[in-house]
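First the structure, in the form of C-alpha cells, and then the observations on it.
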Amino acid sequence: MKVLCERETLREALTIATSVIPNKSTRPAVENVFVRADGDALELVGTDLDVAVRYRVDNVKLEEPGTALVPARVASDFVRDLSGETVRLGSQGSSFLIESEDERCELTTIDPDEFPGVSQFGEGEQGSVSVLGATFSRLVSRTSFAAAREAGRYAMHGILVVIEDDELRMIATDGRRLALASATIDRNGEPLNQGPAIVPTKAMQLFCRVIDDPTEMVEIHFGENIFGLRTSKAEVFARLIDGDFPRYSAVVPSSTENLVEADAVTFGKKLKLVANVTSVDTRAVRISLEPGQMKILGRSDSTGEATAQLAIQYDGDPVDIVFNPDYLIDGIKNCETDVLRLEFNQRNTPGKFTLGENYTYIVMPITVDT
Amino acid sequence: MDAFYASVETRDQPHLRGLPVCVGGRADQRGVIAAASYEARGFGVHSAMPTARALKLCPDLVLLPADFDKYTRVSRQIMEIFRRYTPVVEPLSLDEAFLDATGTERLFGDAVEIGGRIKEDILKETGLVASIGVAPSKFLAKLASDLDKPDGFRVIQEDEVRAVLDPLPVSKIFGVGPRTAKRLESLGVKTVADLASRERNEVQKRFGASGAWIHDLAHGIDPRRVHSQRIEKSHGMERTFVKDISDREELRLILYEFCEEVAWDLRHRGLRGRTITLKIRYWNFKTLTRSKTLEYPINMGKRLYSTARELLRRVPAGPVRLIGVQVSNLSDVREPAQNDLFDQGDPQVARPDGGDGRMERATKALDSLRRRYGRGAVIPASLMARDRVRDRASEGGLESEGQVP
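Chains as they are written, first to last, in our numbering: chain F, 1 to 370; chain D, 1001 to 1405.
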C-alpha cells in the first residue's frame, strides 16, 4: 500500500475511528484500525463489536492499493503530532509506515484477516430512508439527555428510533422522565413505516459526530438487529438493544386540566436558585400555582428553605406539584422557545412540557405523603 | 434482666425452678442456646452455644422452645416501667435498656433511688429479677449492672471509677473482644489499669480509631448520650435450616417468604429501604453476602424479592445452611418519593384522588385485611401449604424483631 493524504483530514478520520476502538479487548485485532486503500479512496474501519464505523478519507493520491491492520491509538496520536501538511502511508512487509517531511514511524502490524467483518451499506437497500443530517442530529440532542445512565434499566439505555407515517421520531427515557421529538421526512412516494429500533445512546452520539455537514442528506437503515447511518464520507452501524422499550405513548397525557406558560430563561434561573437548598437525597421543589403567579419552594431538613416567585400565564385554581429540579433544568436547557408550556392533570400524574415544535418532555412528579 | 428468656419460662413453670433451664433450638435441628438459667451456666452452658454441645455439658438440661411473643410482651411491660421514671429510655435489646435519670430528682429522687424503685417494680409486676447498674456514663452503667449479676444492684460513683475499673481484665471493656484482648496481652496489658497507664498515642497507633476509644473507656470516659429514639439502620431476617438446602427453587420460595415478612415489617414501621443484602451460609460455614442499592427505596415484598432473587443468582450453587435477607439505607415513607412513569413497562396508572401505583394500592388493601384477620389471611399462592416462618395467628404483626433463631 502507498497513499499520500492531507494530514488534517487523516487526523480527523483517525480520531473518529479510534473513538470507537476499545483500549483493551479480548480480541486484540479489535484494538487496531483497519486501513484499506482501494480504487481511488482510503478507508479506515474501527469497531468495538457493538458499534462500527467506516470512514472515507478524501483528497488522497493512491499509488498502490492494499490493506493493513494498524495499532489505532499510536497511529492516531502520531498523526496528530506530525508537523507536515501531507502524510505518506505505506506498508512494508509486516510494518506500517507513516511519513511526513523528515518525521517518520514504522509500526508493527498484524494480519488484516484477523479483523472482524463489518457491515456495509447496500445500494437501495430495504429499510433505508433519507433524512436531512441536521434533522437527525437535532432529534438526538433533543432526546439523549433523558436516556437512562444507571445500570439495571437495560432497554432504556438507548434512544428509540421509529418512522411512522413519514414522521421520524426519537424517544428516550430513564423511567421517570421522557423526551420525545419528531420531524417530518420529505418523501415522494409510498407512506413509510420503519422500526422501532433501540439504538444505544453512545452510538447515537457517534452518528451525530460523523454528520459534519448539516445540510447534507444522510441515509439511515433499519436492519434486523442493527441500525446504520451513511453520510457521504462515513458509515456507522450499531447493534440494537434487545429489550422491551416501555409503552411511551401512553404516558403522554392527551388532555390536561392545568396549563402554565412561563418564560423559559427566568423559570430555569429561579429553579436553579431554589434547588441550591435541597439536599442530594431529596431533590424536590414544590411548584405552587395561582392565577398569574408561580411560587417555587425548596427545603431540606439539614439546610433550610428557599422560595422564589415569577409571573406566569395561568388562570386555574391554586394547585401544587412537586418535581425533581434537575429534571426540569435539563428540559429547560433544551427548550427551543422563549415560552415554556407546562400541562398536567393532578399532582401525581405526569407533567407535560412543550419545549419546541414537535418536542415534548414528560416528567413524573414527586409525591409527598401528607 | 437476668437470663431473661429462661427466667420468663421458669416464672411460668415454677416446677422448673432450680433446674438447669435453657431456651433455644433443638439439637437435632442444629439449634443454638438463646438463653441459659444460672443453674445451666454452672455447667458451662452459655447463650449462642450449639444445643448439641450444651446437652453434652449438661445431659439433664431442660430445653424449652423460644416463645418470642411472650418475651416481647414482658419486654413491653418492663419498658413501660422504665418510662414511668424517665422519658429518656434507650432499649438495647428486649431485656436491656439505658436510662438517663438527669432531671428526675425532684419527682422520684436521684438515680440510685430510681434504680431501686425500678428493680422493685419489675419484681412486683412481672415476677422477674433485674440487675441494675448506676453510673455516670453508659459504659460504666452497663459494666456496673454486670458486676453483681444475678440480682445485682451496683452503683459506681464518680470518685470510685478508678478503683472499680483498675483491677478488671481488659476484656470487660466494651469493644475489646477475644482478639483485641489477646493482642493487648502480648503487649503486657492485662487489666484496665495496664491499659489506662499506656500512652493514648501508643494505643491509637496500634489499634487505630478503636484504640483511642478503648483507651478512653479505660479511663471511664464515654461521651455517648442516651438516645430515646433509636434510628433503625437496617431490617432483615435470616434462618438456619434443619437440613442443608441445595434446591434453588426451594431457596427462592424461602427468600420470597422472607421478603414478604421483611417488607411487611418495613411498611408497619413506615419505612422504605434502598439497599438489599442477601446472606448465604454454605454447609461448610463459608458465608457470602451480596447486595444491591436501588435508586429509589422500596417496601413491597415483590419488589424486594425481585432484587433478592437476582442476588441469589449471583452466588454459587451448593448446599445452603442459612439464608437471610436484609434491607438497609432506610428512609421514612413520608420523605418525598420520585414516582416512575412506568409500572413494569406499562404506564403507571394514577388514581384521580391522588393515590399510588397499582402494586402500592393492592398492598395497602392486603395489609388492611391482614391487620383485621391475621397475617395468614392473605399470602402469595406460591407460599401456600408451607410451614410458616412465623405463626400467622400472632397478633396483627406487632413483633418487634425480624429475626428468627
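Note that CB positions come from ideal geometry on N, CA and C, so glycine has one too. Source: prediction; values computed, not measured.
- Under the three-state reduction of DSSP output, Q1229 (chain D) falls in the coil class, being neither helix nor strand.
- Here N1329 (chain D) carries a strand assignment [DSSP, helix/strand/coil].
- Secondary structure at C1259 (chain D): helix, using DSSP grouped into helix, strand and coil.
- Assignment of beta-bridge partners to R80 (chain F) by DSSP yields no partner.
- Distance between V131 (chain F) and N193 (chain F), taken at the CA atoms: about 14 Å.
- Runs of the alpha helix (DSSP H) spanning 4 or more residues and lying entirely within the stretch 86-116 of chain F do not occur at all.
- Across the stretch 1248-1272 of chain D, no CB contact with chain F closer than 8 Å is found for any residue.
- Rounded to the nearest whole angstrom, the C-alpha separation of S182 (chain F) and C5 (chain F) is 40 Å.
- The bridge partners DSSP lists for I171 (chain F) are F:L160 and F:L180.
- The CB of L1312 (chain D) never comes closer than 8 Å to any CB in chain F; the least such distance is about 16 Å.
- Look at the stretch 251-264 of chain F: the residues with a C-beta under 7 Å from a C-beta of chain D are V251.
- DSSP places F34 (chain F) in the strand class (E or B) of the three-state scheme.
- DSSP places G331 (chain F) in the helix class (H, G or I) of the three-state scheme.
- DSSP, read as helix, strand or coil, puts A284 (chain F) in coil.
- Inter-segment contact for the stretch 1258-1271 of chain D and the stretch 1288-1306 of chain D is present: three or more beta-carbon pairs are separated by less than 8 Å.
- Scanning chain F for C-beta atoms nearer than 8 Å to the C-beta of N1339 (chain D) yields R176, N348, M364, P365, I366 and T367, reported in chain order.
- With distances taken between CA atoms, L1092 (chain D) lies nearest to D:A1141 out of D:G1211, D:I1323 and D:A1141.
- In summary, no residue of the stretch 1089-1119 of chain D has a CB separated from any CB of chain F by less than 9 Å.
- If you ignore the 5 residues before and after V322 (chain F), its C-beta comes within less than 8 Å of the C-beta of A284, V285, R286, I287, R347, P365, I366, T367 and V368, all in its own chain and listed in chain order.
- For T9 (chain F), there is no enclosing beta strand (DSSP E); the enclosing alpha helix (DSSP H) has its first and last residue at R7 to V20.
- According to DSSP, V260 (chain F) shares a beta bridge with F:L342.
- Between the C-alpha atoms of A155 (chain F) and D242 (chain F) there is a straight-line separation of about 7 Å.
- Where L1019 (chain D) is concerned, there is no enclosing alpha helix (DSSP H), because DSSP gives it neither an H nor an E.
- When secondary structure is reduced to three states using DSSP, L1055 (chain D) falls in the helix class.
- Contact check for G133 (chain F) and P200 (chain F): beta-carbon distance about 20 Å, past the 8 Å limit, so the pair fails to qualify.
- Residues of the stretch 283-307 of chain F with a C-beta atom less than 7 Å from some C-beta of chain D are A284, listed in chain order.
- The C-beta of E1257 (chain D) has 16 or more other C-beta atoms within 10 Å across all chains shown, which makes the residue buried.
- Residues of chain F whose Cβ lies closer than 7 Å to the Cβ of F1241 (chain D) do not exist; the shortest such Cβ separation is about 31 Å.
- For P350 (chain F), the closest alpha carbon among the candidates F:Y361, F:L340, F:G356 and F:E357 is that of F:Y361.
- Distance from the CA of S1228 (chain D) to the CA of L1099 (chain D), rounded to the nearest whole angstrom, comes to 8 Å.
- Counting C-beta pairs with one atom in each stretch, the stretch 311-330 of chain F and the stretch 291-301 of chain F have three or more that are closer than 8 Å, which means they touch.
- Only those residues of the stretch 309-330 of chain F whose C-beta falls short of 8 Å from the nearest C-beta of chain D are listed: V322 and N324.
- Residue pairing by DSSP places H1235 (chain D) opposite D:V1327 in a beta bridge.
- A distance of 7 Å or more separates the beta carbons of V1325 (chain D) and G1270 (chain D).
- When Cβ-Cβ separations below 7 Å define contact, P246 (chain F) makes contact with chain D.
- Apart from sequence neighbours up to five positions away, the residues of its chain that approach V3 (chain F) with a beta-carbon distance below 6 Å are A37, L42, V60, L62 and L89, ordered along the chain.
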